[in-house]
Amino acid sequence: PPAEPWDGGAATLPELTDWLTPELYSDCAFVPPTGTPVTDCTDLALFDRASCPAGAFDTLESVGIHYLLTRSASGYVTAGYGLMLPFDGRPGTLNGRPLTRQSVGPGSFAFSSTFAALPPYLPARDFTFVGCTRPESRRVNGCFVQCADGKVRSKGTFTALRPSWGRGESESSGGLVLQAEAAVPLGFPADVYVAKDHAYVVAIGDKSQPGGLAVFDVTDKAHPVLTKRIQLPGDAYWNGVWAKGDALYIASTRSGVIVYDISQPADPQYVRAVPGEALAVHTVFVDGDRLYAMAPEPASQTLLFDVSSPLSPVLLNRVTASGEMGGPHDAFAYGDRLYVNSTSSGFVAFDVSHPEQVTELGAYVFSGQYSHASAVGTFAGRTIAFEGGEGVNAHLRVLDVTDPANMRLIGEYGLRPEFSIHNMILRDTKLYIAHYHEGVRVLDVSVPPKPREVAYFNTFLETQPGRDSGMFEGAIGIRVPDDGYVYVVDTTRGLLILRDDTLRPAPGTP
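At position 485 of the sequence shown the residue is numbered 485 (this note's numbering), and the sequence of numbers has no breaks.
Rendered as structure tokens:
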């Protein structure tokens with residue numbers, strides 16, 4: 001049922017951060033204390049598994065992707081790992097490293113792997129994980145040890161999830177209907193922008209092939225046609241894309257912002273790269289005649305350009321948040337303000353009414369934060385920001401930012417702690433989220449303190465060729481132009497076009 005109109009009132013919620021509660025995942029343990037010399041870190045006899053029930057793994061399969069969260073002996077989450085057990089019988093890997101022990105299947109869940117040294121920061125490390133219980137059919141809990149230089153470096157417990165569609169869901173709730181799917185003939189697809197009946201998909205280079213730009217004619221939503229593929233030698237990490245008029249702007253980690261002429265939309269032509277120096281731009285955002293480019297390296301800056309002449313951006317300023325640590329990932333411009341997702345430095349608001357004299361207005365910051373994406377709008381006279389983090393247990397926060405110097409948490413929305421948010425689009429009172437393994441989520445945010453899910457589409461398929469074991473897989477890029485469709489980029493499946501039935505009145509509604 002529709003929510004009652006919101007009057008703008010909301011209590012301030014306590015910020016509990018993204019840290020998970022410190023309870024251990026399992027009663028099993030690696031017995032030798034931290035710092036103790038050990039001859040063989042992979043010796044399963046050194047694990048106390050007295051509490052582990054017999055037969056827990058009798059029906060366990062020997063294939064699949066598993067996502068592991070580890071807790072140190074003190075109980076706090078310290079890292080996430082991806083275990084890949086290929087369906088074609090190839091040897092398994094942990095975070096892409098070969099397994100040195102692989103005993104996963106009926107009767108056992110145990111494996112080991114060696115991570116090479118990363119001088120001067122980390123020595124070579126040996127990991128061993130041993131399962132103990134199966135609290136759910138697709139989840140294993142157990143204990144682990146990490147050894148280095150012949151000693152126990154750390155130990156603790158873990159939970160390993162073999163992902164499927166969460167909460168017993170089907171592929172779609174019915175509100176989003178798949179119209180077409182098109183493979184992207186590039187590396188790791190990352191973002192999409194739709195303009196002039198064409199979808200422009202950018203990709204990051206990976207082990208399979210370089211990144212670049214793929215252009216699809218989407219005039220017929222059921223039959224997208226690949227019209228061009230563009231790659232630049234030595235410039236393979238293209239992560240963000242936007243368009244204005246006849247200009248297409250691409251975020252490059254080598255060239256800054258690359259400008260293409262799309263006056264012939266099926267055949268983009270290279271124009272220039274701005275600001276004309278080696279610069280790692282991660283994302284771009286256009287608002288009116290302003291282009292914002294978020295560049296975490298080399299100096300953690302957000303660049304402001306005048307794009308009143310779209311094919312000829314003019315640099316106006318470079319802005320850095322106070323106390324900047326992680327660099328800007330993304331941003332959202334609304335009115336005279338720019339809201340920057342400044343990763344570990346928080347969610348930062350700037351006054352950009354005078355681009356040559358930008359003023360920082362305030363920030364929302366908490367311990368362990370990794371601010372990643374956002375959208376901002378006005379509800380009941382209040383300025384409301386929807387802020388999404390990335391990482392373990394990161395989720396959607398609803399912030400009242402009417403007073404940017406005193407941002408308040410007024411609502412939250414989250415799913416499984418393993419999977420976070422990559423991008424979001426706000427359309428009126430609906431928020432469309434690219435939620436990695438959780439697929440596409442559509443929220444009714446007409447009452448901002450109480451986001452209500454109204455539709456979903458699960459893009460994740462474990463058996464999809466090329467699917468990796470990273471936690472940042474699945475729905476990654478999303479656009480919602482005013483044509484009744486949602487355009488989604490999945491990191492393995494490519495471009496998906498979904499008909500948005502949430503825009504249509506429910507049966508029986510006048």
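Note that the Cβ used here is the ideal one computed from N, Cα and C, for glycine as well.
| Query | Result |
| --- | --- |
| Residue environment, Lys207, which counts as buried when at least 16 other CB atoms sit within 10 Å | exposed |
| Distance CB(Tyr487)-CB(Val192) smaller than 8 Å | yes |
| Beta-carbon proximity of Phe111 to Leu83, cut-off 8 Å | yes |
| Rounded separation between His422 and Gly474 - CA only | 10 Å |
| Separation of Gly494 from Ala321, as counted between CA atoms | 34 Å |
| Local conformation of Thr59 per DSSP, three classes | coil |
| Cβ neighbour criterion (16 or more within 10 Å) applied to Lys244 | buried |
| Cβ contact check for the stretch 34-50 and the stretch 79-93: 3 or more pairs under 8 Å | no |
| Leu496, DSSP secondary structure in three states | strand |
| Residues near Asp287 by beta carbon distance below 7 Å, same chain, minus five either side | Ala333 |
| Rounded C-alpha distance that separates Pro510 from Thr502 | Because the pLDDT of Pro510 is 48, which lies under 50, any placement of that residue in the model is unreliable, and the question is left without a value. |
| Own chain, CB closer than 6 Å to Val348, minus 5 neighbours either side, in chain order | Ala321, Val340, Ser342 and Ala363 |
| Contact between the stretch 147-154 and the stretch 11-19 (3+ Cβ pairs under 8 Å) | no |
| Helix, strand or coil at Ala124 [DSSP, three-state] | coil |
| Where Glu136 falls, given that 16 or more other Cβ within 10 Å makes a residue buried | exposed |
| Residue range of the beta strand (DSSP E) that includes Thr383 | Arg382 to Gly389 |
| Top-ranked residue by Cα proximity to Lys196, from Glu181, Leu178, Leu338 and Asp220 | Asp220 |
| Cβ-Cβ distance between Pro22 and Tyr76 below 8 Å | yes |
| Counted within 10 angstroms of its Cβ, other Cβ atoms place Gly276 as buried (16 or more) or exposed | exposed |
| As assigned by DSSP and simplified to three states, the class of Arg167 | helix |
| Three-pair Cβ contact test at 8 Å for the stretch 288-307 versus the stretch 228-238 | no |
| Contact under 8 Å by Cβ, Val202 with Ala183 | no |
| Proximity winner among Ala54, Thr253, Asp261 and Ala266, relative to Val225 (alpha-carbon distances) | Ala266 |
| Limits of the beta strand (DSSP E) - the one that His198 falls within | His198 to Ile204 |
| Nearest to Ala455 (by Cα), restricted to the options Thr59, Thr359, Thr42 and Ser170 | Ser170 |
| Nearest-angstrom beta carbon gap, Trp6 and Phe379 [assumed within contact, 8 Å] | 6 Å |
| For Asn423, the residue or residues it bridges with in DSSP | Ala434 |
| Distance, Leu60 Cα to Pro106 Cα | 5 Å |
| Where the beta strand (DSSP E) through Leu44 begins and ends | Element bounds for Leu44: n/a, residue is neither H nor E. |
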